[in-house]
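Protein chains in written order, with this note's numbering: chain A, 1 to 304; chain B, 1 to 503.
Here it is as C-alpha cells:
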C-alpha cells in the first residue's frame, strides 16, 4: 500500500520536472536551429530548420505534443544525433549506473569502515586522521583528484588504464574518484551516529550481559547508527550525479551524465528533456529503495 | 570443448594484438552522424574522410586534386563541369560506384525540401547533375562559379551508396556505406567507432587493419593515454601540454596552421566604432605579436589579411604593428581621448584554442592603452552565438572563421559582404560596396590570376577599413606516437589517416 502511494505521489513530481525542464531550456539564450545549421547558414535555412523541429509553435503547444509522446513512451528524436532519445538514454545509462554503483560501494565500505573505527577509537590519532581524510574527500575537486589518480596510477605506475571503458580495470580510477567523495561524508556521519548510539542504555546493557565486543558493535550499535547514513545516501545521489559529470568527462566514460551536459551545450531539447526525466525517475526510485532498506535495518520502521 | 574455444579465442586475440594493425585515435567531442550531407561537427566529418571519397579532395597544402575523378573538364563559359571517374570503383556493399551513383548522391543533396547545413553549399549554384556515360558525370551551374572545385571537395560532397541509402533510409547516418579505404564496422555511441580495411579499395590496399576512434573530452586525459601507449594519435593538445610533451621520447608533435582566421569583429553600427580611425587605433593599440609569441610560439603569424595564409585567394596587404603613439594620433584625429571610449568585449571560453586567454590579454592591452574595457566570457557557445549575433551584440566580439571550402569566397562573403551585414556571420555590420562588388566579380573570373587580382584588391580595402581587430590563424596541435607516420591535418582542421602507417 505504502509503496503504491509513493509511486502515485511521484507522478505529479515527474510532471512538474518535465514542465520545468521544458520551459527552462527554452528560456536560456541559444537557438537549436542555429546550432544545427551552423554559422554559415542563412536565416532562411535556419527558419526552415526551426519549422522542421516544430520550434515555431507556441511553447505550451510544444509541451502538449511532448506529453502526448511521453504517454506512449516516445521521448522524441535527438536534434543532434537524429536518433530516438529513449535509445540514446538507455544506451548511455548502464555505464553511469555501473560507475555510480561501484563508487557507492567504495563509499559505503570505506566510509562506514573508517567511521566505525574512528568512533571506537575516539580521540586518538586515528580519529583525527580520518577527520582529515573526510574533509579532503569532500572538498577535493573531482577534476583534480581524477587527474592526480591518472598521473600516479596510469602514467607513473602504469597499473591501470588512464581512461576509456570496457573492463574492470577501466572502472577502478573513475569509481575511486567518485567513491572517495562519498566516503568522507559517510565516515563523518557514521562516526557521530555511532558515538550517539554507543552511549545508549541498550548498548551498555548488551555489553553488561557479557556479549562479545564485536557483537555489541555490529549487531546492536551499527545497525541503529546506520539509519541516518542510509537517508543521506539516498539524498546524496544528486551530488553523486553532478560529480559523475566531471568524472565521466575526465575519464572519457560514455555515461548519461556527460550526455546530458553536452545536450545542454548543443541545445538538444528532446535529449535534455529525456535524460533529465530519466535521471529524475532514477532519483525517485533510489529514494524509494532507501525506504525499503530502512525497514530492513530497523524493523521498528513500518509504514501505515 | 569450451576450453578449446576459449583457447582459440585467446590465441586469435593475442595474434591480433601482436600484428599491431590497429590505429587508435582519440577525438575530443561526440560524433553525431556519418551521413555526409548533414554534418556540422568537425570530428564526424574527419571520420568520414576514411569511409568515403569525393570526386575531388583537398590536400594538406590546400590544393584540390582528383579523388574519384581521374580528370575533369570545364566548359568555356564556366557553367558545366564534366568529370571522368576511375574505373572499377566499388562501394563497401559491393555495388559499383559509377556516374549514376554520383548523380543519385547529389540529387539527394539538391532536393528542395532538404534543409541541412550542407545544402547551402550546392543548392544556390548547381542546377543539375547528369550521367554522360558510365564513367562520366556532368554538373550544370546557374552561372560561372570559380570556387566550384573547392566546394566539391567539401565533406558534403562525399558520394553515398545508392543501395545503402535504399537499405538504411533514415538510419544511414549510423550505417554509412562509402567507397573509401576503410569501411564502417561498429559504432558504440559516446564511446568508440571502429573501421576496418576495405580490401577492394580502388587506389590500393590500405595500410592499417583497423582504425579505432575513441572519444575522450578531457585534453589532459588524452595526453595521459598517449603517454601510457593506450592511444596512437590524439587531437587538440593544449599549448601547455605540448610544452610538457616536447622532447618526450616516443611522442611527436605536429603544429598545423589552419585556415581559421581569428579576429574580433568590431561593431560598426555603434559610435564611435563607425569611425575608421577608431578601428585602426584599436588595431595599433593591441600587441598581437606579443600575444601569439607567448601563447603559440613564433611560427604563428599575425594576420595581414582577413584570410589565413593557406586559403586560396589570400594576398598579404597590410599589417597593423603595435604602435600606441600612432593609435593616439588616429584617435586624436577622430576627436577622442582613449578614456572617452568604453568597449564591451565579448569572447567564448573553450571554443577556440586559448580563446579566453587571448581575449584577456587583448582586454589588458586595450585597458593599458586607456580604453575602458568590459570583458565578458561565455562558457556556453550556443549562448554566445545567440547573444553576439542576434540579441545584444557587444562592441568587439571574438570569432574564428574557417571557410569550409578553403578559398576566399567562403572566407570573405559570409563575414564581410554587405548581404550578410548585421546577421550571420557578418556581425560587425561591415558593408562596403567596393568590397561587395569585388567579391561578386571574383566568382566569374575564370583564371587564377584574375581571381587573385579581385580578391587582393578586396583584401586591401578591408584591411584599411579595419572592421575587425585582426589576430592570427588558429594553430592546432596534434600528437602521435613516433612509430606512426603519415598523419594529415587538413587546413580545415580535419584529421585524415587514409595513408597513416603504424610500425
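Think of the CB as a built atom: it goes at the ideal place given N, C-alpha and C, for glycine as much as any other residue.
Here the structure is a predicted model, which is why all the values come from computation and not from measurement.
Per DSSP, the beta bridge partners of residue 421 of chain B are B:426. Here residue 454 of chain B is buried. Its C-beta has 16 or more other C-beta atoms within 10 Å. A distance of 8 Å or more separates the beta carbons of residue 72 of chain B and residue 79 of chain B. Going by DSSP, residue 209 of chain B is part of no alpha helix (DSSP H) at all; its letter is neither H nor E. Secondary structure remark: continuous alpha helix (DSSP H) runs of at least 4 residues inside the region 247–301 of chain B, in chain order: 276–285 and 288–296.
Taking the Cα positions, residue 263 of chain A is about 27 Å away from residue 231 of chain B. Around residue 348 of chain B, the same chain offers 355, 378, 381, 384 and 398 as residues with beta carbons nearer than 7 Å, after the five sequence neighbours per side are excluded. In this chain, the beta strand (DSSP E) harbouring residue 472 of chain B covers 468–481. Burial is judged here by how many other beta carbons sit within 10 angstroms of a residue's own beta carbon; residue 139 of chain A has fewer than 16 and is exposed. Rounded to whole angstroms, the Cβ separation of residue 46 of chain A and residue 37 of chain A is 5 Å, and the two are in contact under 8 Å. Among the residues facing chain B, residue 218 of chain A is not included, as its CB has no counterpart in that chain under 8 Å away. Distance from the CA of residue 98 of chain B to the CA of residue 142 of chain A, rounded to the nearest whole angstrom, comes to 54 Å. Contact with chain B is found for residue 80 of chain A, since one of that chain's Cβ atoms lies less than 8 Å from the residue's Cβ. Where residue 188 of chain B is concerned, the enclosing beta strand (DSSP E) starts and stops at 182–188.
Inter-residue distance for residue 221 of chain A and residue 236 of chain A is about 23 Å (C-alpha atoms, whole angstroms). Within its own chain, the residues whose Cβ lies closer than 8 Å to the Cβ of residue 237 of chain B, once the five positions on either side in sequence are excluded, are 219, 222, 223, 245, 253, 477, 478 and 479, listed in chain order. Distance check between residue 412 of chain B and each of B:461, B:87, B:375 and B:371 places B:461 closest, using alpha-carbon atoms only. In the structure shown, the three-state DSSP call for residue 101 of chain B is helix. From the beta-carbon of residue 185 of chain A, no residue of chain B is found nearer than 9 Å; the closest lies around 25 Å away.
In the structure shown, residue 80 of chain A adopts coil according to DSSP, grouped into three states. Residue 153 of chain B is positioned such that its CB atom lies no closer than 8 Å to that of residue 270 of chain B.
One finds nothing in chain A with a Cβ atom closer than 9 Å to the Cβ of residue 367 of chain B; even the nearest lies about 27 Å away. Put simply, the CB of residue 35 of chain A is near chain B, with a gap under 8 Å to one of its CB atoms. In this structure the region 180–189 of chain A touches the region 100–115 of chain A; the number of beta carbon pairs closer than 8 Å is three or more. For residue 348 of chain B, the secondary structure class from DSSP, reduced to helix, strand or coil, is strand.
As computed with DSSP, residue 197 of chain B is found in a beta bridge with B:182. Per DSSP, reduced to three states, the secondary structure at residue 168 of chain A is helical. The closest CA to that of residue 345 of chain B, considering only B:327, B:445 and B:364, is found on B:364. Contacts between residue 224 of chain B and chain A, judged by CB atoms closer than 9 Å, involve 147, 150, 151, 154, 155, 162 and 163 in chain order.
Counting the other Cβ atoms within 10 Å of the Cβ of residue 209 of chain A gives fewer than 16, which makes it exposed.
For residue 251 of chain B, the CB contacts under 8 Å within the same chain, skipping 5 residues up- and downstream, are 226, 227, 245, 479, 480, 481 and 482 in chain order. Across the set B:487, B:387 and B:406, the C-alpha of B:406 shows the shortest separation from the C-alpha of residue 310 of chain B.
Across the structure, residue 161 of chain B and residue 48 of chain B are spaced so that their CA atoms are roughly 14 Å apart. Note that the C-beta distance between residue 225 of chain A and residue 275 of chain A is not below 8 Å. Under DSSP, residue 82 of chain B forms a beta bridge with B:73 and B:138. Assigned with DSSP and collapsed to three states, residue 91 of chain B falls in coil, not helix or strand.
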